[in-house]
Amino acid sequence: MASDSHSSVTRRRALLGSALSLGLPALSAETPGKTPATSAPKTAKNGKPVKTVKIATFDKAGRRTGIESVEKIIKTDEEWKKELPSLSFDVTSCQGTERAFTGKYTDFKGDGIYKCVRCGTPLFDSKTKYHSGSGWPSYYQPIARENVSEKVDLSHGMRRVEVLCSRCGAHLGHLFDDGPNPTGMRYCMNSAALEFDARETPLP
Numbered sequence: 014m015a016s017d018s019h020s021s022v023t024r025r026r027a028l029l030g031s032a033l034s035l036g037l038p039a040l041s042a043e044t045p046g047k048t049p050a051t052s053a054p055k056t057a058k059n060g061k062p063v064k065t066v067k068i069a070t071f072d073k074a075g076r077r078t079g080i081e082s083v084e085k086i087i088k089t090d091e092e093w094k095k096e097l098p099s100l101s102f103d104v105t106s107c108q109g110t111e112r113a114f115t116g117k118y119t120d121f122k123g124d125g126i127y128k129c130v131r132c133g134t135p136l137f138d139s140k141t142k143y144h145s146g147s148g149w150p151s152y153y154q155p156i157a158r159e160n161v162s163e164k165v166d167l168s169h170g171m172r173r174v175e176v177l178c179s180r181c182g183a184h185l186g187h188l189f190d191d192g193p194n195p196t197g198m199r200y201c202m203n204s205a206a207l208e209f210d211a212r213e214t215p216l217p
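Each residue of the sequence shown is one higher than the last, beginning at 14 in the working numbering.
Below you can see the structure in the form of structure tokens.
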């Protein structure tokens, strides 16, 4: 019995060696009829792979609830133009700037969360807002590093740091290093790029 088993193993090895030498697919030891599971990349309606980005999430009281991988929002200028007020479109899609001291949130003192006007991503907590005297709403830090991105802006003959929404790429404003403690930074934002949600008191 042991001899028959040994012979069977020997024949299998010989067949495997022959298959490899001829360039044929190797025999599989997996259960017949079973195909290894693979996860196909998620695709959009146009057939292109969906881009995702990790965003920090918050509850209505402004408490961080975790990190979520969400689809990156990509739209044409024409699509954004149909969805936004003209000033918000000019600021978020065309890197425009509202006139100083004209924005609705410049001197606003409500308690809550400032979100992206295009996609609703949480961007700043009112607890970090301060009066900078610049004419635009200013914050010393974003609500989460994941939710904003930065890139060098060389427009208008200056070197500045542009601040954008990580999920939809909306232009929000610029970052300067003349802010107060504890960060020393000033996130100088456009009111037209933001929408405000009042903080809800958490249940006891």
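We put the CB at the ideal spot given by N, CA and C, even for glycine.
Under the assumption that residue 186 contacts residue 206 (Cβ atoms under 8 angstroms), give the Cβ distance between them as a whole number of angstroms. Here the question's residue 186 lines up with position 173 in the sequence shown. Here the question's residue 206 lines up with position 193 in the sequence shown. Contact flag correct, Cβ pair sits at about 7 angstroms.
Over the uninterrupted alpha helix (DSSP H) stretch that includes residue 167, give me the two end residues. Here residue 167 refers to the residue found at position 154 of the sequence shown. Premise fails: residue 167 is in no alpha helix (DSSP H) and is neither H nor E.
What is the rounded straight-line gap between the Cα of residue 136 and the Cα of residue 183? By 1-based counting over the sequence shown, the position of residue 136 is 123. By 1-based counting over the sequence shown, the position of residue 183 is 170. Approximately 11 angstroms between the Cα atoms of the pair.
Classify residue 150: buried if its beta carbon has 16 or more other beta carbons within 10 angstroms, exposed otherwise. Against the sequence shown, residue 150 aligns to sequence position 137. Burial call: buried.
State the start and end residues of the unbroken beta strand (DSSP E) segment that holds residue 107. In the sequence shown, counting from the first residue as 1, residue 107 sits at position 94. Careful: residue 107 lies outside any beta strand (DSSP E), inside the alpha helix (DSSP H) at 99 to 107.
Just verifying my parser: in three-state terms, what is the DSSP assignment at residue 142? Mapped onto the sequence shown, residue 142 falls at position 129. Correct three-state label for residue 142: strand.
Hey, is the stretch 89 to 98 in contact with the stretch 168 to 179, meaning 3+ C-beta pairs nearer than 8 angstroms? no
Classify residue 94 as helix, strand or coil using the three-state DSSP reduction. Looking up residue 94 in the sequence shown gives position 81. Residue 94 falls in the helix class under three-state DSSP.
Backbone secondary structure at residue 151 - three-state DSSP: Looking up residue 151 in the sequence shown gives position 138. Correct three-state label for residue 151: strand.
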